[in-house]
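Enquirer:
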Amino acid sequence: MTDTNATTSGGAATQAAPNAGIVHGLYTEGEPLHDTKAPAGPIQDKWSTRKFESGLVNPANRRKLSVIIVGTGLAGGAAAATLGEAGYQVKSFCYQDSPRRAHSIAAQGGINAAKNYKEDGDSTFRLFYDTVKGGDYRSRETNVYRLAEVSTNIIDQCVAQGVPFAREYGGLLDNRSFGGVQVSRTFYARGQTGQQLLIGAYQALERQVAAGTVEMFSRHEMLEVIVADGKARGIIARDLVTGEVETHLADAVVLASGGYGNVFYLSTNAMGSNVTATWRAHRKGAYFANPCYTQIHPTCIPVSGDHQSKLTLMSESLRNDGRIWVPKKAEDCEKDPREIPEEDRDYYLERIYPSFGNLVPRDIASRQAKNVCDEGRGVGPKVGDFRRGVYLDFTDALKRMSAEAVAEKYGNLLDMYQRITGENPYEVPMRIYPAVHYTMGGLWVDYDLQSTIPGLFVAGEANFSDHGANRLGASALMQGLADGYFVLPHTIRDYLAKGPFEKLPDSHPDVVEAKASVDARVQKLLSINGDRSVDSFHKELGNIMWEYCGMERSEEGLLKAIDLIRGLRDEFWRNVKVLGAADTLNQSLEKAGRVADFLELGELMCIDALHRRESCGGHFRAESQTEDGEALRHDDEFAYVAAWEFGGDGSPAVLHKEDLVYEAIEMKQRSYK
Amino acid sequence: MNLTLKIWRQASANARGEMVTYKVSDISPDMSFLEMLDVLNEQLNARGEEPIAFDSDCREGICGMCGLMISGKAHGPEVTTTCQLHMRSFSDGDEITVEPWRADAFPVIKDLVVDRGAFDRIIAAGGFISANTGAAPEAHSVPVPKPKADRAFMAAACIGCGACVAACPNASGMLFMGAKITHLGELPQGQPERDARVVSMVEQHDAEGFGGCTNIGECSAACPKEIPMDVINQLNRDLRHALTRHGD
Ligand SMILES: Cc1cc2nc3c(=O)[nH]c(=O)nc-3n(C[C@H](O)[C@H](O)[C@H](O)COP(=O)(O)OP(=O)(O)OC[C@H]3O[C@@H](n4cnc5c(N)ncnc54)[C@H](O)[C@@H]3O)c2cc1C
Ligand code: SF4
Ligand code: FES
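Line by line, the protein sequences are chains A and B.
Just so we're aligned: the first sequence equals residues 1 to 673 in this note's numbering.
Just so we're aligned: the second sequence equals residues 1001 to 1248 in this note's numbering.
1) Is DSSP giving A:R613 helix, strand or coil here?
2) Three or more beta-carbon pairs under 8 Å between the region 128-143 of chain A and the region 1164-1184 of chain B, yes or no?
3) In the DSSP assignment, what residue or residues form a beta bridge with A:T439?
4) Determine, using beta carbons only, whether B:I1159 and B:I1062 come nearer to each other than 8 Å.
5) Could you tell me whether any non-hydrogen atom of ligand 2 is closer than 7 Å to the CB of A:G441?
6) Hey, would you say the C-beta of B:M1065 is under 7 Å away from at least one heavy atom of ligand 1?
7) Can we count A:F93 as close to ligand 1, meaning its CB is less than 7 Å from some heavy atom?
8) For the beta strand (DSSP E) holding A:K539, just list the boundary residues, first then last.
9) Nearest to A:G258 by CA position, among A:Q192, A:P509, A:C94, A:F264, is which residue?
10) Alpha carbon to alpha carbon, what distance is there between A:G194 and A:T312?
11) With contact counted as at least three CB pairs below 8 Å, one residue from each stretch, are the region 489-509 of chain A and the region 379-391 of chain A in contact?
12) So A:L56 and A:A643 are in contact, right, with Cβ under 8 Å, and what is the actual spacing, rounded?
13) Identify the continuous alpha helix (DSSP H) that holds A:W325 and give its terminal residues.
14) Count Cβ pairs between the region 596-607 of chain A and the region 242-258 of chain A that sit closer than 8 Å; are there 3 or more?
15) Closer than 7 Å: is that where the CB of A:A474 sits relative to any heavy atom of ligand 1?
16) Out of B:M1201, B:S1130, B:E1226, which one is the CA nearest neighbour of B:A1156?
17) Restricting to Cα atoms, I'd like to know which of A:N575, A:I544, A:S554 is closest to A:D563.
18) With 8 Å as the threshold, decide whether the Cβ of A:A148 is near any Cβ in chain B.
19) Can you pull the chain A neighbours of B:G1064, defined as C-beta to C-beta under 7 Å?
20) Identify, in the order they occur along the chain, each residue of the same chain with its Cβ nearer than 6 Å to the Cβ of A:G76, setting aside the five sequence neighbours on each side.
21) For A:N463, list the residues DSSP reports as bridge partners.
22) Please classify A:Q669 as buried or exposed, where buried requires at least 16 neighbouring CB atoms within 10 angstroms.
23) Of all Cβ atoms in chain B, is any one closer than 8 Å to the Cβ of A:Y548?
24) Could you tell me which of A:K91, A:V163, A:Y137, A:H282 sits nearest to A:H220, measuring between CA atoms?
25) To the nearest angstrom, how far is it from the Cα of A:Q308 to the Cα of B:G1190?
26) Just the chain B side, please: which residues come within less than 7 Å of A:D156 by C-beta, in chain order?
27) Quick one: residues in its chain with C-beta nearer than 8 Å to the C-beta of A:Q625, no 5 flanking neighbours on either side, listed in chain order?
28) Between which residues of its own chain and B:L1044 is the CB-CB distance below 6 Å, once the five residues before and five after are set aside?
29) Counting along the chain, where does the beta strand (DSSP E) carrying A:E404 start and finish?
30) So, do the region 435-451 of chain A and the region 257-277 of chain A have three or more beta carbon pairs nearer to each other than 8 Å?
31) Just mark A:K399 as buried or exposed, buried being the case when its beta carbon has 16 or more other beta carbons within 10 Å.
32) According to DSSP, simplified to helix, strand and coil, what is B:W1260?
33) In chain B, which residues lie with their C-beta within 9 Å of the C-beta of A:Y433?
34) Would you list the residues sitting across from A:F457 in a DSSP beta bridge?
35) Going along chain B in order, which residues have a C-beta closer than 7 Å to the C-beta of A:L610?
36) Does the beta carbon of B:R1009 come closer than 8 Å to any beta carbon on chain A?
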């Protein structure tokens, strides 16, 4: 639904402009990006070459070199443990009370690796190919190949740490197929894969804490990066218990702070997930790549009312046996679904995609659910003017497999559904609806995972590198651990080998400026004392993003969203009400800082979505579809990474394009019909 | 529904705390307990009173960040985490008390927020397998019998929430620790450090001020992940073996 009376105040005028100069009144185009540091040569040799070429640091000197790592999820936790083992001085930060609680813990389904234990034709190359294709040919080939290459080491490492993966009776590891691929390469630990992998990394991290190589700062939030003489040299963090604003200096900084899905307010992310770490770095010179690429997961529990604080994902494995439908007639939508006869049901995925049926990729399943609800055929309670839910029905599976067999396979998921909704899925079809789940965009990094700020590395969901416009199931856990255990330790070493770096005094003007800016912002937030709570702004922003920059985007809607966000941001800085003091635990203050950054990011996401006049992966532009409503890519115009440079407050962002070159595989249009 | 809440307010670690009464109305049974507190906090903020501090993050029962004593029960009346407790478990007119975890080893930071850093220090004392990155053998080189793998997994389900400590009259951390000892002790990879692990973890546990176990079973009854009491037996057995083998 787009509003036909899109306003054009606030500078978001619609006149098209050539690529030079200012486009849409919103951004300008700068120099393209080239260097990705991937060495020349065949794709399968690049990583070995890079490792061989990177500099070495004598063990005796490592103790003198320091690294700050923000984030203790799979990416940050693995990196901190590994760099600690190598003997560097590591400082590790997380906002939770313990590093074990990073949001990686919530991942359910599994982790991919090209072990080919099932002898079903898997290989490094196939995992690489599937990931590039799944990403709709919008990821960088060299990085993805390396990801597939190190995937097997991850499993070895985790098993050695005691991660209790599912096993077969013979004692060997079990695998399943996951997320629309035809081989069984997903390793899992019942529905708790993320938890078990994270506990493995966390234990390795705590071992280094005991060994004295890692110093842990829990309940600390990074609020600024320190860039001195052109290099990242530290962070400003607030101790969330005492409120003290602290300066931490180091020779290199890693951001592994997770994704920014909470810009939508409702998402499957944790309450505290935020963009602050990466956004602050963006404002200091790190380019933000493809911010509009968002993944919306089709099988989440629908919103039950205005009080809703977050959304819960149910593993998409449910789509293997459940059938998705809505009533054919809008007047049936309030009926008990069990009373709607077979001929009045529309199994719309099976109808539109006869060969893939209920197993189409996430973006397609999500968009079709939105379409049938927009037609007025959604089910469940009305939220606003529409019912936002479709049935996920296990009736046939229960007949075919027996209740025990269903419980054995899906019991924990069905119990979770019952706990949250109070409805029994063994009797009544479940209701599901898509929810924001993962953000493929993030800070731009080169082959070394280094951002455009020297010395600032970015890992895990926080970077943009491996998933293009859409991520395959079970690939984010793989990427987090690949970055943390196997990539960063080599590339950071290469950077540190160029040291030793000059010691930075606390009195250095860039350090003083960073600290002063954080202090000033905290004071500003507490002094506004307006009428509206932080949550009310966050919810309103979320609604705008979901409506205009969610599952379907159009030029008209995005222009409108940009105006709305600008207006909301203005109001926030005039009218937000944050109580309490700066020198104590103050959760409203924490939230306020995060929402302030989301209010800036949201605008850039809309600008990115507006400039990309094609549909690809999770980004569906209404103007770019085939005759039967499928996504239409434009490789001739848009086969590039959009890396955005911060233009300054009130000034337009600058777009830098990195052309995507495919040498190892050929670009094709996806088809799931 | 309409409810009366008696909630522990404490401005800081050293301040004196007290129970404060609040009324909330129009609570939907579909709300989670924490969403009900969100609604209350929005009202407090509008009235110019500082919102109540409480911990939560994933709100789906897996991170272990949330945890409240609800009418005297850790995580409330159901076997689940506080964030997965829904208001349909309560009735119109109920009076509910809400307090932080109470244990010497978990000091209150503010209102309902406590410091559970002691758990991290117990893990740092030995709750790991020493396997440096890159040094791992091929994953299939060591098969693990399925029953052992399953039992390790069962114990590894602990989320480190601390409800076991809060529920225990002795404020003992033995269920949490037993879960880790069992997880790592069932696996072949965990054998080389098995003795040293249990000895140093128990030392750390005692140094943190947790109490001893007198087999009451409140811990397991409150555990949202239903970790069974026999992990404590395994811990005691491992400790006995370790001490006799080393003549400590
Ligand atoms: C419900 C759910 C299920 C999923 N299931 C799967 C799955 O089955 N398979 C799969 O491959 N992927 C899955 N994913 C995706 C995957 O879990 C994540 O993408 C991945 O775990 C992210 O890891 P990370 O290390 O990048 O960040 P996170 O684990 O999110 O960690 C972020 C860290 O940064 C810290 N942090 C953030 N901001 C700050 C700050 N300003 N200051 C200090 N610290 C900060 C946090 O404290 C935390 O430690 C799932 C995601 C969700 C939400
Ligand atoms: S044993 Fe149970 S109650 Fe105790 S910390 Fe672990 S999950 Fe929580
Ligand atoms: S908030 Fe994560 S378990 Fe409750």
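Here a beta-carbon is modelled for each residue, glycine too, at the ideal position from N, C-alpha and C.
Expert: On the basis of the supplied data:
1) Coil at A:R613, not helix or strand.
2) no
3) A:T294
4) yes
5) no
6) Outside the cutoff, so no.
7) yes
8) Where A:K539 is concerned, there is no enclosing beta strand (DSSP E), although the alpha helix (DSSP H) it sits in stretches over 534-548.
9) Of the candidates A:Q192, A:P509, A:C94, A:F264, the one whose C-alpha sits nearest the C-alpha of A:G258 is A:C94.
10) Going by C-alpha positions, A:T312 is about 15 Å away from A:G194.
11) no
12) Contact between A:L56 and A:A643 does not hold, since their C-beta atoms are separated by about 31 Å, which reaches or exceeds 8 Å.
13) Looking at the DSSP string, A:W325 is not in any alpha helix (DSSP H); the run it does join, the beta strand (DSSP E), is 323-327.
14) no
15) yes
16) For B:A1156, the nearest C-alpha among the options comes from B:E1226.
17) A:I544
18) no
19) R101
20) I69, A256
21) Paired residues: A:L443.
22) exposed
23) no
24) A:K91
25) 42 Å
26) A1136, P1137, E1138, A1139
27) S615, A631, L632
28) P1051
29) Segment 403-421 is the alpha helix (DSSP H) holding A:E404; no beta strand (DSSP E) there.
30) yes
31) exposed
32) This structure gives no information on residue 1260 of chain B, because the portion of chain B shown stretches from 1001 to 1248.
33) Result: empty, since nearest Cβ-Cβ is about 15 Å, beyond 9 Å.
34) DSSP lists A:V254, A:Q450 as partners of A:F457.
35) Those within 7 Å of A:L610 in chain B number zero; the least Cβ separation is about 33 Å.
36) no
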